[in-house]
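In order, the protein sequence lines correspond to chains A and B.
Residue numbers for the first sequence, in my numbering: 5 to 109.
Residue numbers for the second sequence, in my numbering: 5 to 109.
Even for Gly, the Cβ is constructed at its ideal location relative to N, Cα and C.
Presented below is the structure to which this report refers.
Protein chains: 2
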Amino acid sequence: MSNSERAFNALGDPTRRMIFEKLRDRPLAVVHIAEGLQVSRPAVSQHLKVLREAKLISINQQGTKNIYQINQEGILAMRNYLDKFWDTALAAFKLAAEQTEKENE
Amino acid sequence: MSNSERAFNALGDPTRRMIFEKLRDRPLAVVHIAEGLQVSRPAVSQHLKVLREAKLISINQQGTKNIYQINQEGILAMRNYLDKFWDTALAAFKLAAEQTEKENE
DNA sequence: CATTAATTTAATGTTAATATTAAATTGGCC
DNA sequence: GGCCAATTTAATATTAACATTAAATTAATG
Numbered sequence: 005m006s007n008s009e010r011a012f013n014a015l016g017d018p019t020r021r022m023i024f025e026k027l028r029d030r031p032l033a034v035v036h037i038a039e040g041l042q043v044s045r046p047a048v049s050q051h052l053k054v055l056r057e058a059k060l061i062s063i064n065q066q067g068t069k070n071i072y073q074i075n076q077e078g079i080l081a082m083r084n085y086l087d088k089f090w091d092t093a094l095a096a097f098k099l100a101a102e103q104t105e106k107e108n109e
Numbered sequence: 005m006s007n008s009e010r011a012f013n014a015l016g017d018p019t020r021r022m023i024f025e026k027l028r029d030r031p032l033a034v035v036h037i038a039e040g041l042q043v044s045r046p047a048v049s050q051h052l053k054v055l056r057e058a059k060l061i062s063i064n065q066q067g068t069k070n071i072y073q074i075n076q077e078g079i080l081a082m083r084n085y086l087d088k089f090w091d092t093a094l095a096a097f098k099l100a101a102e103q104t105e106k107e108n109e
């Protein structure tokens with residue numbers, strides 16, 4: 005499975021998106037990531053694992069604390085994936101708008 | 005729920021990603037979308053609905069045929085979402101790399 | 001206008017993802 | 001070394017997403 009696939013899978017879950025967004029401004033320890041979230045600590049750990057495998061975040065062990073931070077690699081993978089749609093989708097859109105009356109196979 | 009949230013939910017599923025990718029180059033009727041996919045026609049319909057609600061595709065009724073095509077709106081929503089991470093994540097990364105030895109709150 | 005084709009809607013089953021609780025690990029600290 | 005704090009791993013329960021089959025809709029076609 006590719007990085008972009010893993011990334012889309014990962015951000016498909018709302019709780020994981022919240023975690024991801026929490027890390028946007030600054031790296032955080034798990035204690036602080038879990039704050040405000042309505043799920044248990046182990047659940048947070050599992051989500052972090054999924055995000056990490058998708059290269060959307062990376063870990064930075066600091067003694068007994070695990071500091072997580074955004075990893076650009078996963079974000080880049082998604083951007084590239086979406087960019088492949090950008091131009092061709094635009095072209096397809098124009099084409100479709102013009103040939104509305106033509107038969108569609 | 006925002007468009008970007010709906011879009012991430014939608015593309016979190018591998019079958020929906022396949023459908024989305026099939027439409028990348030050209031609009032297609034459901035018959036052709038379903039070709040090659042390992043799921044039933046009704047399942048495809050359900051997936052199309054989710055993608056449509058996420059503004060990732062749009063419909064174009066042609067008699068009894070429903071032609072689907074990429075909709076940039078949802079893609080744009082995801083792009084914007086990811087872009088918000090882009091710069092700040094880079095900054096956070098640099099910051100973290102530099103202050104590895106500093107205590108983390 | 002009955003029939004066929006294309007697709008969706010509805011009802012429901014099944015599986016996989018997400019959640020929980022309990023136990024294990026790891027490292028700092030007195 | 002014993003203890004506490006932070007986090008993860010393991011085992012398992014629960015929920016929700018995805019699937020299916022059957023019926024309904026809609027429009028073209030003979």
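{"Item": "Distance between R45 (chain B) and Q76 (chain B) (C-alpha atoms, nearest Å)", "Value": "25 Å"}
{"Item": "Near-chain A residues of the stretch 58 to 86 of chain B (beta-carbon distance less than 7 Å), N- to C-terminal order", "Value": "N64, Q66, K69, I71, Q73, I74, Q76, I79, M82, R83, L86"}
{"Item": "Contacting residues, own chain, Cβ-Cβ under 7 Å from M22 (chain B) (five flanking each side not counted)", "Value": "L41"}
{"Item": "Under 9 Å from the C-beta of G16 (chain B): neighbouring residues of chain A", "Value": "F12, N13, A14, L15, G16, D17"}
{"Item": "Counted within 10 angstroms of its Cβ, other Cβ atoms place M5 (chain B) as buried (16 or more) or exposed", "Value": "exposed"}
{"Item": "DSSP bridge partner residues for T55 (chain B) (one or two, in chain order)", "Value": "Before going on, a small fix: residue 55 (chain B) reads as Leu here, not Thr. Partner(s): none; L55 (chain B) has no beta bridge."}
{"Item": "Neighbouring residues, chain B, relative to R45 (chain A) (Cβ below 9 Å)", "Value": "Ordered by position in chain B, no residue passes the 9 Å Cβ test against R45 (chain A), which lies about 18 Å from the chain."}
{"Item": "Cut-off 7 Å between Cβ atoms - residues of its own chain near K26 (chain B), not counting five sequence neighbours on either side", "Value": "L32, I37"}
{"Item": "Chain A residues whose Cβ lies nearer than 9 Å to that of E56 (chain B)", "Value": "Inspection of the sequence shows that residue 56 (chain B) is occupied by Arg rather than by Glu. By Cβ distance, chain A contributes nothing, its closest Cβ being about 15 Å from R56 (chain B), past 9 Å."}
{"Item": "Beta-carbon proximity of A14 (chain A) to L55 (chain A), cut-off 8 Å", "Value": "yes"}
{"Item": "Continuous beta strand (DSSP E) stretch holding S62 (chain A): start and end", "Value": "61 to 66"}
{"Item": "Cβ shell of S49 (chain B) (< 8 Å), same chain only, five flanking positions each side left out", "Value": "V34"}
{"Item": "Sheet register partners of Y72 (chain A) (DSSP bridge)", "Value": "A:L32, A:I63"}
{"Item": "Q65 (chain A) classed as buried or exposed, judged by whether at least 16 other C-beta atoms fall within 10 angstroms", "Value": "exposed"}
{"Item": "Pick from B:A58, B:D29, B:E39 that is closest to G16 (chain B), judged by C-alpha positions", "Value": "B:A58"}
{"Item": "Within 8 Å, strictly: CB atoms of G67 (chain A) and N7 (chain A)", "Value": "no"}
{"Item": "Sequence-distant residues of its chain with Cβ nearer than 8 Å to D87 (chain B) (five each side left out)", "Value": "none"}
{"Item": "Contact belief for I61 (chain B) with I71 (chain B) at Cβ below 8 Å, rounded distance in angstroms", "Value": "That pair is no contact at about 10 Å."}
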